[in-house]
Structures are given as structure tokens and as C-alpha cells.
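Protein chains in written order, with UniProt numbering: chain A, 1 to 617; chain B, 1 to 617.
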């Protein structure tokens with residue numbers, strides 16, 4: 001019911017205290033005078049895709065990076081935005097609700113009003129449906145009062161979560177024009193920001209003057225690239241889940257009779273599972289990225305878990321906790337292939353009841369092998385991002401059931417001599433998603449809201465707000481903006497040796513980096529986690545005191561200072577220039593030439609399409 | 001693996017801070033000199049059962065209440081325990097792990113060592129199995145250091161959770177004698193404390209000198225009676241669950257497309273569901289006690305929920321949150337009867353595969369109507385307390401499925417014109433049970449540990465530690481002990497008009513009082529909860545600041561000062577005595593006689609077996 005959006009909520013004592021918390025702003029955004037420095041024109045991480053992307057986004061590709069600096073900062077090229085005319089901005093929630101989303105709106109509102117009290121912020125009611133239907137609520141301080149630092153998306157709601165079809169894009173454009181919006185801020189994850197990119201391009205092409213800005217908000221933590229270190233909501237989700245996982249670990253250790261299989265919401269990538277594992281130290285985590293890289297089959301995975309159960313049984317341990325990412329099913333090669341066939345048949349309009357009889361013999365055999373409950377789930381219509389309805393597919397139950405069968409077989413055969421195997425399955429997601437946001441997410445979201453305003457004030461279109469150096473205190477955060485197109489990649493599928501299919505450019509979900517430090521940390525401890533029950537409980541989410549200021553391990557251990565390195569490179573280039581000035585010695589010039597020739601050769605090779613096909617950040 | 005018990009744990013920052021928290025002691029237990037005041041001999045709440053109980057417990061029935069008072073208190077009859085010889089005490093976890101259990105051991109240890117550093121506390125490893133097998137760990141400050149104020153039972157573990165068969169009772173006695181224990185402290189809920197009562201009686205009869213003491217620790221909150229206001233663990237479980245339920249409510253309100261059916265661990269009684277409902281304000285709660293009292297069938301319940309869904313649909317609301325107690329299945333008359341038949345067949349040794357064919361025609365028809373998953377769960381062997389394996393029976397899924405079918409029928413019929421009904425089911429329990437205990441549970445458990453020692457120091461056998469006035473700060477808590485037998489009741493079943501079967505006396509789980517203030521509070525708001533989405537989020541468990549000191553609503557609203565009233569009555573009796581002394585006027589004496597005659601007549605009637613059959617606290 002629309003009339004429920006934005007109504008004042010009854011708050012508990014803790015919620016009231018949270019509502020009074022005022023997030024800090026980094027120095028670069030304090031005060032009313034902010035400078036913008038534009039960097040070099042951007043390219044795409046995957047050189048092979050750059051051409052495809054530039055063709056698809058002729059108006060918004062290659063725009064420069066933007067950095068927001070304090071007025072007093074000593075950067076000669078930076079321009080001070082002095083004009084702050086009143087502007088009209090629309091904001092819309094798009095995609096799964098993530099803790100902190102409300103603070104983006106709050107930050108945006110505060111920045112708008114600070115720079116011009118006559119500016120207007122309109123929230124679209126019911127997500128994209130409100131955007132298409134021009135249903136809005138004017139955001140005011142009064143409206144915000146019971147939503148500041150609170151979880152959920154219930155201030156405005158969400159619905160369809162896509163702005164993709166021509167009809168949808170046109171409806172959005174009509175809204176922006178009718179409502180005379182100077183800016184449209186889209187709050188969401190990879191899919192929503194891909195849609196935002198397309199909208200920005202369409203608006204630029206149609207000379208619709210509304211600028212489109214994206215804000216990286218997704219509990220999955222998979223909107224990660226050179227410019228984006230983490231997403232609003234990820235920190236909270238991992239903290240709430242880790243608490244619950246740790247409670248289950250303690251429970252396992254107290255009664256010593258159950259194996260808990262816990263699936264974690266977070267879509268196909270395993271960022272949530274990895275972070276929670278590093279927080280809680282459960283016995284095992286199955287990362288989709290490992291499974292995909294090693295092409296592990298359902299049989300392999302079952303064997304792996306059974307071997308672990310057996311090894312623990314030999315030490316007289318009959319309990320354990322195993323984490324599974326939500327979308328594991330899409331990482332297991334044969335299940336993925338089966339899903340592809342099913343989705344193909346959906347696409348052809350085959351009804352759910354008839355799909356199983358239309359499967360290829362191979363897929364049909366696998367389908368019949370699976371327990372009935374999972375068959376039903378695999379047959380569900382795909383989601384708005386074309387992947388399976390991952391939340392509904394209970395991979396944890398499938399694995400638990402297969403492990404039980406195999407352990408029973410080993411018991412009968414006499415190769416396993418331990419006690420009976422008992423599994424309890426969980427899916428953690430909904431119970432974490434509506435949580436009060438952590439301090440980090442409150443701050444991050446609020447500052448991103450401010451950044452959203454400055455992007456619009458600088459007149460930029462097709463940009464996402466970015467904050468880097470997040471592992472450090474807010475006072476050291478660096479704020480900027482990067483074009484959507486610079487975060488895009490293009491997928492290729494080899495259908496046969498001669499043909500390659502090329503996907504649409506998109507902001508794709510980042511996989512867990514199997515060469516990264518966080519993964520290394522996990523591997524380093526994996527065998528102790530497995531055998532030694534060194535469970536650890538970060539405890540319930542706290543807002544003060546120990547734990548209140550902690551940040552995600554994966555955020556802190558990874559050395560992701562891409563923007564810092566870009567700066568450092570510029571300094572090197574300037575140093576070379578200043579050393580090798582006309583008048584320097586022949587030898588110095590020769591050395592510089594030779595060194596630079598080899599550097600550029602090497603970088604050319606690394607940036608060629610054939611080399612780059614494999615490289616990703 | 002036994003060697004894992006009591007090993008130092010790796011603690012997170014928050015856990016470390018919690019480990020440093022020192023619970024307060026109420027004034028009556030401070031210092032080394034505590035007085036004991038003995039009250040009158042106790043009876044049983046149910047006068048009809050008193051005879052049966054006294055017959056079954058000849059050695060331990062009718063013992064007086066004990067109150068612990070500070071040394072300086074002005075109570076003439078109270079005796080100071082001056083002798084504190086070194087004693088040897090064993091302690092065992094029995095029953096579902098509940099947050100705070102570790103603090104009972106800590107409090108017991110501190111009290112023992114404070115009164116005589118040569119006293120010894122031995123923890124039985126692996127619960128009752130360790131008790132039978134004489135496997136112990138000496139509890140020391142070093143052992144306790146990483147378990148203070150921490151959740152779980154992993155310091156000592158738990159296993160079978162019963163001391164009931166002659167073999168088990170004898171094994172326990174041999175252990176107590178061999179290990180020369182002066183006291184055995186049993187930490188658990190209703191079943192464990194009933195076992196403890198039996199053990200105390202057997203020990204007294206066999207002149208085994210070990211005294212048996214019980215401590216009310218159970219997350220179910222159903223060990224509730226005139227002497228016991230609440231149980232260790234209940235507060236934490238309700239807080240953790242409420243947080244999750246509230247998150248789900250926020251989630252429901254953000255996307256507005258799901259009905260969440262949440263079943264809450266807590267066995268048959270609905271204390272957890274009631275408390276969580278009062279904290280989180282979900283749309284509906286189904287209390288087992290209401291269902292049983294109104295004899296609602298599965299069909300009635302389905303209709304009730306469908307009508308609610310329909311009423312909400314008419315207001316354009318397609319989301320909601322419904323709470324269900326773990327053991328609802330035993331409150332639904334026809335399902336309970338079916339379960340009784342199944343358990344009867346189990347008892348006769350009929351194998352699981354053959355049970356369905358042995359059911360009566362009526363039960364068989366119901367069984368076949370139920371979805372396959374629930375049939376399988378109903379066929380599970382009963383638990384150690386003879387009830388069904390409630391944790392495994394997914395009533396939430398059954399109801400969701402029945403509601404979906406009915407709503408679809410109404411849609412087809414055209415009587416419901418709303419959107420499709422989507423349900424998501426949850427069972428919250430394991431993820432709450434291992435939580436760090438709340439401040440209240442830390443305090444309550446620690447003080448109960450001290451009380452346990454004082455019961456032993458006073459030489460009492462067959463008592464449970466009791467603390468009353470819990471809704472007030474620790475400084476106002478009143479500590480005492482009550483005989484197990486005073487908390488017992490006897491169940492009767494009418495098999496036919498002429499025969500009545502009488503159960504064994506036991507400390508039975510208390511049902512939610514449908515005449516109590518907490519229930520009244522719920523009923524008062526039920527229609528607003530249902531329609532207005534006045535969800536409320538108490539937030540994650542906090543240890544300081546707002547929310548840190550909050551106590552359960554059901555504890556605070558109920559006026560349970562039984563012990564205070566006993567005292568008040570004594571004062572009245574004394575007043576009458578002091579006014580009507582020899583020498584008073586005839587008129588005063590006559591008035592007193594007449595008034596007292598009517599009082600005693602009335603009380604006699606109320607206490608007669610025929611009257612009392614229905615009355616329970």
C-alpha cells in the first residue's frame with residue numbers, strides 16, 4: 001500500500017539511539033566548497049572489450065575519473081564548483097534491500113539542502129514501478145527522522161528491480177522529463193548499475209538533460225572493481241550472518257551431534273561466505289569460485305565433504321559447520337548446464353510441466369537423479385538478471401542429502417566406522433537483510449549520498465559514486481566518481497572452435513579473487529578450521545565499544561588502492577619529465593629512452609586483446 | 001572428543017570484553033556470612049496431586065522453603081551458617097544448551113572458593129554420559145577464563161539429557177559415592193529437574209549423602225511456577241530471535257511480496273513466541289495454548305490465516321510475518337491424537353515403515369491427507385521427554401502449504417481477488433541458542449550459581465535455587481530455594497467416565513497463562529499488529545547503552561511476586577495474633593473468630609481436590 005511508505009515508524013530504544021547518530025563526512029566533502037579534479041579519460045579493464053563497450057556507449061564511454069577535493073587543497077587543475085542552483089533530483093531503490101540504503105537518501109538530501117535549500121529530492125515509491133508511474137514522495141527532514149541509520153528499504157520500497165526493456169527505459173525518461181529532474185540517483189547492485197549505465201547513455205543520446213548517477217548498494221559485495229572497494233550493506237550482512245554462524249558453531253560444539261549446512265544469501269559470488277568464514281572460523285566453506293575453477297562436480301563435492309566428515313569422525317568429532325554460497329548451484333558445471341537447458345526451454349515457452357520431457361538425454365539423466373524438491377526448484381523461472389532463482393534453490397539440502405547417502409554407504413561398506421551422520425540445514429539471508437546497518441554501512445552510505453550530489457553538481461552523467469581507502473577512518477576516505485563504462489566487461493562464450501558469442505557490456509559481478517590476500521588467508525587456516533574447531537564469535541552487531549568499529553576482513557586485508565597507484569604512477573611520469581629536461585646529459589636521456597621503450601612494449605603486450613582475455617581485477 | 005572440553009577458546013574483541021564483565025551479587029549474598037531463614041513446610045500447587053506426590057517422594061516432600069538473607073538482616077529465626085568445611089561438588093549440563101549456562105558454573109565456583117579455598121568443583125564431561133562414566137574436569141579460574149559470560153555448553157558439553165532409568169540413577173549414585181561428592185548440581189529445564197527430584201529422593205532413601213540441587217536453565221522459559229519467575233537463557237533467546245524476526249519484518253515491508261512463517265524453538269509452550277511477538281510486533285502469532293484451549297483444528301488455523309491474508313490483501317498488502325511456536329503440532333487436537341497413535345505403535349515396536357498401515361482408519365485418513373515431508377517427520381521416534389521430535393516437525397511449512405492451497409482455491413473461486421500468495425519459511429532456534437548471553441542472563445545465571453552453593457552449605461537436598469523480584473535491579477533480587485516437590489503437579493487423563501489415569505508427579509512445563517497480563521497485552525494490540533504493520537526492531541543484542549539493560553516484557557508485566565505475598569500473609573497472621581491477645585475485648589475476639597472461620601472455610605473449599613483439579617498457576 002503506497003500510503004505506508006515514508007510513514008513514521010515506532011522505534012525501539014536502540015533504534016532511537018541509532019536515529020540520533022550523525023555520520024561524519026571526510027574532509028574533502030566538509031563545508032560548502034568542494035573542488036573537482038578530473039583525471040585522464042578512462043578505458044575498460046578488459047582491453048578486448050573496450051572496443052565493444054565504446055561502440056555500445058558512444059556518449060558516455062571514455063569520460064574522465066573525477067576526484068572531490070577540499071577547497072583548500074593544493075591541486076592546480078581542480079575546479080571549484082561555485083554555482084549551486086536549486087536542482088530537482090529523483091532517487092530510486094533498485095534491487096535487493098541492503099542495510100544502509102536509507103542513509104544514501106539521507107546523505108543526498110543533506111548535501112542538496114546544504115548547497116541550496118531550494119533544491120528538491122523526490123523518492124520514487126515502490127522502486128522502479130514508482131519511477132515508471134511517477135509516484136513520488138518528497139524527502140524532507142521530517143520524513144527521514146525515523147529512517148536515519150535504520151535498515152530496510154521501507155521508506156520507499158522496491159519492486160521489479162529493472163529498467164531494461166525499451167518500454168521501461170522510455171517510461172523512466174518520460175518521468176524524468178515530466179518531473180523536470182536534473183538528476184536521477186539509482187541505488188543498487190551490478191544489474192541496477194548496468195541498467196543505470198544504459199539509461200545514462202539513452203538520456204545523453206536523446207538529449208534528455210537528466211543526469212544518471214549510480215550508488216553501489218548491494219549486500220552481495222560483488223560490485224567490486226578498480227574503483228569500488230566494497231558495497232553498502234555487505235559489512236552489515238556479514239556481521240549479522242557471522243554472529244548467527246558463530247552461534248551455530250557454539251551450538252555444534254555444545255551438543256556434538258549435528259552437521260550444520262548453512263547457505264548464505266549473496267548470489268553467485270562467494271564474497272559473503274568468504275568474509276563470514278574469516279570471521280567465524282567454521283569447519284568448511286565451499287566457494288563457488290573454487291568449484292568453478294576446479295570444475296568440481298556434485299560428486300566431487302559430496303566426496304570432499306564426506307572425506308572431511310570421515311576425517312573428523314576418526315578424531316571422534318561428529319559435528320561441524322559448513323558454509324555454502326547462495327548461488328553454488330551455478331558454479332557446479334553439470335548443474336549449470338542443466339539450468340541453461342531449462343532456461344532455454346523456458347525461453348521457448350515450454351511450460352514447467354513439460355520441461356523435463358524436453359531435456360537432452362544427458363540433462364534428463366541428471367535431472368532424474370536429483371531429489372524431487374530440488375527438481376521443482378530448478379524448474380523455477382529465471383530471475384530478472386537471467387540467473388536462476390538462487391534464493392529458492394536449496395543446494396545446502398541437496399548436499400546434506402547426498403552426503404548422508406554416501407556416509408551411510410560407507411558405514412554399510414565398513415570404510416567409515418563412526419557415528420550416524422545428522423544434518424541440519426539453514427539459509428541465512430532474509431533474517432540479516434533487514435538488520436540495522438553497522439556503523440560502517442551508516443557512514444559509507446551517508447557519504448556516498450553526499451558524493452551523489454557532488455557528481456550532479458559537477459554536471460556528470462553516467463557515473464557511479466566511489467569512495468576509496470575505506471579500510472582507514474572516515475577522515476582519510478577519498479571521494480570521487482567513475483564512469484559506469486570503465487567498470488564494464490564483455491563476456492565471451494566459445495560455442496565451437498570457430499564461433500565466439502559476445503555478450504552485452506555490463507557491470508558484471510566480481511568473483512572472489514583466488515589469487516587475493518583474503519583467499520590466501522582462508523587457505524592458510526583451512527586445515528585448522530576443518531579439524532580443530534577454532535570457532536570464533538564476533539558477537540551481535542555492536543555500535544559502540546569493541547567490535548563497533550571493526551570492518552570486514554576482506555576489505556582490510558586486500559590491497560586495493562588502485563586510485564592511489566594511479567596517482568603514484570602520475571608522480572613517476574612527472575619525475576621522469578622533470579629529470580629528463582632539455583639540457584640533461586646524453587646518457588640520462590639514453591637510459592630514459594631505453595627504459596621507457598621497454599616499459600611501453602611490455603604494457604602494450606599486456607593490454608592487447610589476446611593477452612587481456614584472461615585478465616580481470 | 002573429550003579433550004576438546006574446557007580448552008581455552010579464541011575470543012573475538014567483543015567476547016574478550018564480555019569475559020571481563022563481573023556480574024553483581026545481590027546484597028543478601030555479598031560477603032562470606034549468609035543467613036538462612038526457613039519458611040513453612042511446602043505443599044503442592046495442585047491439592048489433588050499433593051497426596052500422590054508425597055507418596056512418591058516420602059523423603060523430600062514437604063520440606064520448607066529457604067530464604068537467604070544478609071548477615072545483618074533483622075530476622076530472629078534465621079540461622080547464620082558459620083561452618084564452611086571444604087566440600088566436593090559435581091556439576092552437569094542436562095538438556096538443550098541455553099545461553100548463560102557457563103555462568104552458573106562460574107558463580108558456583110566463585111561461591112565455593114570464597115567460602116573455603118579447599119573446596120572442589122568437578123564438571124562432568126559430555127553431560128550425563130560423563131556423570132555415568134565418572135569423567136570430570138576440575139573447574140578452576142584458569143579453565144573458566146575464556147568461558148565467562150560466553151554462550152553454549154562447550155565447557156563441559158551435553159549428551160543424553162536424562163537420568164531416569166534405574167541403570168542411569170544407579171550409575172549416578174555410584175559416581176557420587178565413588179567421587180565422595182557432597183553435592184551434585186544439575187543445570188537444566190523441566191525434564192532435568194524432574195530427574196533431579198527423583199535422584200534426590202533416591203539418594204535420601206539410600207542414605208547416599210550427596211545433596212542434589214537443580215538450577216532452572218532452559219531457553220524454553222517453561223520452567224515457571226510460584227517460585228521460579230523465569231529461566232536462564234530465555235531472555236537471550238528472545239532477544240536474538242526478536243532481532244531476527246524484526247529484520248524479517250523490515251524485509252517484508254521493503255519488498256512487500258512475501259509472507260514469512262517463522263517457527264520458534266521453545267518446545268510445546270509458547271513463551272518464546274509470545275515474548276518475541278511483544279518485542280517485534282509481527283502481524284500474527286499462533287499460541288499453542290490458544291489453539292489447545294479453543295480446540296482449533298488444522299482446518300481452523302488454515303482458515304484463520306487465510307482470512308488474515310485476505311483482509312490484508314483487501315488493503316493492498318501482500319506481505320506479512322507469522323510466528324509459530326516450535327511445538328504447535330502437539331496443540332492441534334487431531335495432530336496430537338495422530339502423534340499419540342504413532343508413539344503408541346513405536347512403543348509396541350512397530351517399525352517406521354509399517355506404522356502407517358497400523359493406524360486407525362481415522363488417523364490413517366489424516367495421515368494420508370498430509371504432505372509427504374510432514375508424514376516423514378511425524379514418524380520420527382519421540383524425544384527423551386516422550387514428546388514428538390518437535391524441532392524436526394516443520395509445522396510452519398505445513399501451514400504455509402495449506403494456506404497457499406486455500407488461497408489459490410479462493411483465487412480460482414473469485415472470493416479472493418488479490419495477488420499471488422508467496423511464503424518463505426524459517427525455523428529460528430539453533431542460530432540463537434549459541435548466542436553470547438544477555439546481561440540479564442549473565443547476572444541471573446551467576447547469582448543462581450552462588451545460590452546453588454548456599455543450598456549445599458545449608459545442607460539441603462532436593463531443592464532448586466530460586467531468585468525472585470527479577471524485574472528489578474540485581475540489588476533488589478531475593479534469593480532462596482524451594483523443594484522440587486513443591487513445583488510438581490500430577491496429570492490426569494479421563495480414559496472413560498469411570499477410569500482416570502494418573503501420571504507420574506513431575507515438574508511440568510508451564511503453559512502461557514491465557515489470563516495473564518502478558519497475554520492481555522498481546523490481545524490488546526493483536527488487531528493493530530495484524531493490519532497496521534507496526535513492526536518494531538529491538539535491534540541486535542547490546543551489552544551497554546539503550547537496550548543493554550532491558551528485560552523480557554513477559555517478565556516485567558506479570559505480577560508474579562508469590563514469595564512476597566507469602567510474606568505479606570504471614571504479616572497479616574501475626575497482626576491478628578498481636579491484636580487478639582488475651583485481654584482483648586469479647587467483641588474483637590468474636591469478630592476475629594467469625595472472620596477467620598469464613599476465611600478458613602473458603603480456603604478449605606478452594607484447596608479440596610475436587611475444586612483444585614482445574615486450578616493452576
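Where is the CB? At the ideal position from N, CA and C, for every residue including glycine.
Going by C-alpha to C-alpha distance, which of A/422, A/393 and A/394 sits closest to residue 618 of chain A? As shown, chain A starts at 1 and ends at 617. That puts residue 618 of chain A outside it, with no answer to give.
Closer than 8 Å, Cβ to Cβ, to anything on chain B: give me those residues from the segment 3–37 of chain A, in chain order. Taking 8 Å as the cut-off between beta carbons, the residues of the segment 3–37 of chain A near chain B are 4, 9, 10, 11, 12, 13, 14, 15, 16, 17 and 18, in sequence order.
Whole beta strand (DSSP E) runs in the segment 387–444 of chain A with 3 or more residues, listed along the chain? Qualifying beta strand (DSSP E) stretches, in chain order: 423–428.
Using a Cβ-Cβ cut-off of 8 Å, state whether residue 1 of chain B counts as contacting chain A. With a pLDDT of 43 at residue 1 of chain B, under the threshold of 50, the predicted position of this residue should be treated as unreliable, and no value is reported.
Let me check understanding here. Comparing Cα to Cα, which of A/183, A/99 and A/554 lies closest to residue 254 of chain B? When only C-alpha atoms are compared, the closest one is A/99.
Residue range of the unbroken beta strand (DSSP E) whose run includes residue 67 of chain A: That run of the beta strand (DSSP E) goes 64–70.
From what residue to what residue does the alpha helix (DSSP H) around residue 16 of chain B run? Residue 16 of chain B -> alpha helix (DSSP H) spans 13–19.
Let me see if you follow: with CB-CB separation under 8 Å, is residue 163 of chain A close to chain B or not? With 8 Å as the cut-off, residue 163 of chain A does not count as an interface residue toward chain B.
Extract the residue ranges of the beta strand (DSSP E) inside the segment 56–143 of chain B, only unbroken runs of 3 or more that lie entirely within it. Listed in chain order, they are 64–70, 88–93, 120–124 and 136–138.
From residue 411 of chain A to residue 312 of chain A, what does the alpha carbon distance come to, in whole angstroms? Those two C-alpha atoms are separated by around 15 Å.
Residues of chain A with CB closer than 8 Å to the CB of residue 424 of chain B, please, in chain order. Close partners of residue 424 of chain B in chain A (Cβ separation under 8 Å): 430.
Is the segment 376–386 of chain A touching the segment 341–352 of chain A, taking contact as three or more C-beta pairs under 8 Å? With the cut-off at 8 Å, the segment 376–386 of chain A and the segment 341–352 of chain A touch.
Cβ shell of residue 367 of chain A (< 8 Å), same chain only, five flanking positions each side left out: Short of 8 Å from the beta carbon of residue 367 of chain A, and not among the five residues preceding or following it, lie these beta carbons of its own chain, in chain order: 338, 356, 359, 375 and 378.
Check this for me: beta carbons of residue 458 of chain B and residue 66 of chain B, under 8 Å apart or not? Taking 8 Å as the cut-off, the Cβ atoms of residue 458 of chain B and residue 66 of chain B count as close.
Along chain A, in chain order, which residues have C-beta atoms closer than 7 Å to that of residue 256 of chain B? Chain A residues near residue 256 of chain B: 157.
Beta-carbon proximity of residue 526 of chain B to residue 275 of chain B, cut-off 8 Å: Result no, Cβ atoms of residue 526 of chain B and residue 275 of chain B do not sit closer than 8 Å.
So what's residue 249 of chain A in DSSP terms, helix, strand or just coil? Residue 249 of chain A falls in the helix class under three-state DSSP.
With DSSP as the reference, identify every bridge partner of residue 284 of chain B, one or two as the case may be. Residue pairing by DSSP places residue 284 of chain B opposite B/322 in a beta bridge.
Close Cβ partners of residue 176 of chain B (< 8 Å) along its chain, the five nearest in sequence each way excluded: Here the set comprises 90, 184, 203, 208 and 210.
Using DSSP bridges, identify the partner residues of residue 35 of chain A. Looking at the DSSP assignment, residue 35 of chain A forms a beta bridge with A/69 and A/80.
Ignore the nearest five residues each way along the sequence and tell me which others in residue 465 of chain B's own chain have a CB closer than 7 Å to its CB. Excluding five sequence positions before and after residue 465 of chain B, the CB atoms of its chain that fall closer than 7 Å to its own CB belong to 213, 215, 448, 451, 452, 455 and 481, given in chain order.
Between residue 180 of chain B and the rest of its own chain, which residues show a CB-CB distance below 7 Å, the 5 nearest in sequence each way excluded? If the five residues before and after residue 180 of chain B are omitted, its C-beta is found closer than 7 Å to the C-beta atoms of 88, all from its own chain and listed in chain order.
Who are the neighbours of residue 154 of chain A on chain B, taking C-beta pairs under 8 Å? When 8 Å is used as the limit between beta carbons, residue 154 of chain A is near these residues of chain B: 250, 253 and 254, in chain order.
Can you tell me whether residue 353 of chain A is buried or exposed? The criterion is at least 16 other CB atoms within 10 Å of its CB, across all chains shown. Result: exposed.
Strictly under 8 Å for the Cβ-Cβ distance: is residue 544 of chain B near chain D by that measure? Protein chains in the displayed structure are A and B, and chain D is not among them.
With 8 Å set as the bound, which would you pick, yes or no: does the beta-carbon of residue 478 of chain A sit closer than that to a beta-carbon of chain B? Not closer than 8 Å to any Cβ of chain B, the Cβ of residue 478 of chain A fails to qualify, so no.
Can you give me the Cβ contacts of residue 14 of chain B inside the same chain, cut-off strictly under 6 Å, excluding the 5 residues immediately before and after it? So the list is empty, once near-sequence residues are dropped.
Please tell me whether residue 433 of chain B and residue 247 of chain A are closer than 8 Å, where the distance is taken between their beta carbons. A contact, by the Cβ cut-off of 8 Å.
Figure out for me which residue from B/251, B/474, B/238 and B/282 has the closest Cα to the Cα of residue 266 of chain B. For the set B/251, B/474, B/238 and B/282, the Cα lying nearest the Cα of residue 266 of chain B is the one of B/238.
Three-state secondary structure (DSSP) at residue 333 of chain A? Residue 333 of chain A: helix per DSSP, three-state reduction.
Of all Cβ atoms in chain A, is any one closer than 8 Å to the Cβ of residue 189 of chain B? No, residue 189 of chain B lies away from the interface with chain A (no Cβ there is under 8 Å from its Cβ).
Here's the rule I'm using: 16 or more other beta-carbon atoms within 10 Å means buried, otherwise exposed. How should residue 602 of chain A be labelled? Exposed: under 16 other Cβ atoms inside 10 Å.
Residue closest to residue 509 of chain A, alpha-carbon to alpha-carbon, out of A/487, A/515 and A/520: By alpha-carbon distance to residue 509 of chain A, the top candidate from A/487, A/515 and A/520 is A/487.
Using a Cβ-based criterion (distance less than 7 Å to any ligand heavy atom), does residue 337 of chain A qualify as near the ligand MG? Within the structure as shown, the ligand MG is missing, as the structure has no ligands at all.
Against chain B: residues of the segment 95–106 of chain A by CB proximity under 7 Å: Per Cβ criterion, the list reads 97.
Where residue 146 of chain A falls: helix, strand or coil (DSSP): Residue 146 of chain A falls in the coil class under three-state DSSP.
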